[in-house]
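In case it helps, this note's numbering puts the sequence shown at residues 647 to 853.
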Amino acid sequence: MTNFKTFISHLEIELKNPLPGKGAQNKLLPVTRKQYPDEPDLSRARPSSVLILFYPQNDLPHIVFIQRPQYDGVHSGQIAFPGGKAEDTDDNLRETALRETSEEIGVNPHDVRIIGKLSELYIPPSNYIVAPYVGYLDYKPVLKPDPKEVSGIIQVKFNEIIDEKCFQYREITSLGQKYRVPCFYVQGKIIWGATSMILNELLEIIN
């Protein structure tokens, strides 16, 4: 892996090129999605966005994930990127991603430089259409999770995710049902579903 500055420069260039889109996302499509139509009606989908946030540590890129709290809902306990639904006060989805990241993990939005955006992804169980923004900090942040929205923070050296051994099939439980799903297995955590689909597009761009 190259140093942090070179990595970010390369990624910023690649994000200006045509994106892999569904072809990359669908390689991590879980079996739980197959009950939904291939071409859903998005006219009533709820707009939202997430932030794929990089920062340097020992001059190597690291990335931030959060773990959602346990609750009675479809995304209970899942690993995710910080983010959430758009509010009326947000000027655009980029602002949504920055605001939500600030609220959830205490990152100063003015310090984040956005370098691009991945393909949008529709999430049928929650009816969100997600815009994934890619950004970075030029320092290692002190993260402060909001316990109402975040039960844990996972900070990962990006080398770990690029390692092909990270891609696995694992058993998860969703709404009381057990499924075997494609995922990224990092630091004992299963990254699956929409987050893994977004992450896979990012990996294809980098590779």
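Virtual Cβ for every residue (Gly too), placed ideally from N, Cα, C.
Comparing alpha-carbon positions, which option in I712, L821 and I808 lies nearest K790? That would be I712, whose Cα lies nearest to the Cα of K790.
Using 9 Å as the threshold, is the C-beta distance between L665 and S765 below it?
Cβ distance < 9 Å, so L665 and S765 count as in contact.
Close Cβ partners of A882 (< 7 Å) along its chain, the five nearest in sequence each way excluded: Residue 882 falls outside the range modelled here, since the chain spans only 647 to 853, and no answer is possible.
If you draw a straight line from the C-alpha of K784 to the C-alpha of I698, how long is it?
Position check: residue 784 holds Asp in this sequence, whereas Lys was assumed. I698 has its alpha-carbon roughly 14 Å from the corresponding atom of D784.
Check: Just the Cα atoms here: how many angstroms apart are E660 and T819?
Finding: Approximately 36 Å between the Cα atoms of the pair.
query: In its own chain, which residues sit with a C-beta less than 7 Å from the C-beta of Y682, not counting the 5 before and 5 after it?
result: Its pLDDT being 49, under 50, Y682 is placed unreliably by the model, and nothing is read from it.
message: Do V753 and V802 count as a contact pair if the criterion is CB distance below 9 Å?
response: No, the pair does not count as a contact, with Cβ atoms beyond the cut-off.
Practice item. Could you tell me if L821 is buried or exposed, where buried requires 16 or more neighbouring beta carbons within 10 angstroms of its beta carbon? Key: Per the 10 Å Cβ criterion, exposed.
By the DSSP assignment, the beta strand (DSSP E) with K763 in it spans what residues? K763 -> beta strand (DSSP E) spans R759 to K763.
Checklist entry - What is the DSSP secondary structure of K731, reduced to helix, strand or coil? => result Three-state DSSP puts K731 in a strand.
- Query: CA-CA distance, E607 and P828?
  - Reply: Outside the displayed span of the chain (647 to 853) sits residue 607, for which this structure offers no information.
Below 9 Å between beta carbons: does that hold for E847 and A670?
-> Result yes, Cβ atoms of E847 and A670 sit closer than 9 Å.
ask   = Given a threshold of 16 other Cβ atoms within 10 Å of its Cβ, counted over all protein chains shown, does G834 qualify as buried or as exposed?
value = Exposed, because fewer than 16 other Cβ atoms sit within 10 Å of the Cβ of G834.
(Q) Here's the rule I'm using: 16 or more other beta-carbon atoms within 10 Å means buried, otherwise exposed. How should Q823 be labelled? (A) Burial call: exposed.
> From V696, H656, Y825 and A691, pick the residue whose C-alpha is nearest to that of Y774; which is it?
Replying inline: Selected option, being the one with the closest Cα: A691.
CB-CB under 8 Å to T648, same chain, minus the five flanking residues each way: which ones, in chain order?
-> Contacts found: H656.
Query - Beta-carbon proximity list for F606, same chain, < 6 Å, skipping 5 on both sides - result: Outside the displayed range of the chain (647 to 853) lies residue 606, so it cannot be described from this structure.
Entirely enclosed beta strand (DSSP E) segments - the segment 741-799, minimum 3 residues: DSSP runs (the beta strand (DSSP E)) wholly in the segment 741-799: 759-763, 767-769 and 774-782.
Any idea what DSSP makes of A691, helix, strand or coil?
In this structure, A691 counts as coil in the three-state DSSP scheme.
Coarse secondary structure for T819, derived from DSSP in three states
Strand, per DSSP.
- Given a threshold of 16 other Cβ atoms within 10 Å of its Cβ, counted over all protein chains shown, does L739 qualify as buried or as exposed? With 16 or more Cβ atoms within 10 Å of its Cβ, L739 is classed as buried.
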